[in-house]
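Mapping of the sequence shown onto numbering that gives the first Met the number 0: position 35 corresponds to residue 34, and the numbering continues sequentially without gaps. Here a beta-carbon is modelled for each residue, glycine too, at the ideal position from N, C-alpha and C.
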Amino acid sequence: MIEWIKDGEDVLAIIISADYKPDKTDFITPLDYKQQLGFIVYQGGQAIVPHCHIPMNRSLVGTSEVLFLRSGKAEVDLYTEEKKLHATRVLNQGDMILLVSGGHGFRMQEDTIMVEVKQGPYIGIEEKERF
């Protein structure tokens, strides 16, 4: 299952449950998102041709994150751009969330390991506004 959590037209987050298994390649995010998230499906015996990515300048404003729950269980609070609580969801082992806009906070319901992917370079704690 894929859940798009929106505040009006603003997408706050996209949650992809562990049981989502596409039968063909499926990119979830629109082409203009800062972070691209998709599933690429290959059949046994297929290969990815060796390649490298051509260096290019990209201009991004803001930071989006992808969090993958490798183990555990966590509750996520999603906030609007105005920092108002909009939704709360539970993430379980194998679930993935793309945090697109607004704010977020987490409470671990169990011992949890998350894999976090976001744009770098990491500037430090000063890139966050806590509320």
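Taking DSSP as the reference, what is the three-state secondary structure of Glu8?
-> If DSSP states are grouped into helix, strand and coil, Glu8 belongs with coil.
Give me the Cα-Cα distance between Ile13 and Leu97, rounded to the nearest whole angstrom.
-> Going by the C-alpha atoms only, they are around 5 angstroms apart.
Going along the chain, which residues of its own chain have a beta-carbon closer than 6 angstroms to the beta-carbon of Glu2, five neighbours each way excluded?
-> Excluding sequence neighbours, Glu2 sits near Ile14.
Determine the direct distance from the alpha carbon of Tyr78 to that of Lys72, and round the result to whole angstroms.
-> Going by the C-alpha atoms only, they are around 20 angstroms apart.
Please name the residue in Thr111, Arg57 and Asp18 whose C-alpha comes closest to that of Gly119.
-> Relative to the Cα of Gly119, the nearest Cα in the group Thr111, Arg57 and Asp18 belongs to Arg57.
What is the DSSP secondary structure of Glu125, counted as helix, strand or coil?
-> Secondary structure at Glu125: helix, using DSSP grouped into helix, strand and coil.
Which same chain residues, not among the five before or five after Gln108, have their C-beta less than 8 angstroms away from its C-beta?
-> Result list for Gln108: Gly71, Lys72, Ala73, Glu74 and Val89, in chain order.
List the residues that DSSP assigns as beta-bridge partners of Gly37.
-> As a beta-bridge residue in DSSP terms, Gly37 pairs with Phe26.
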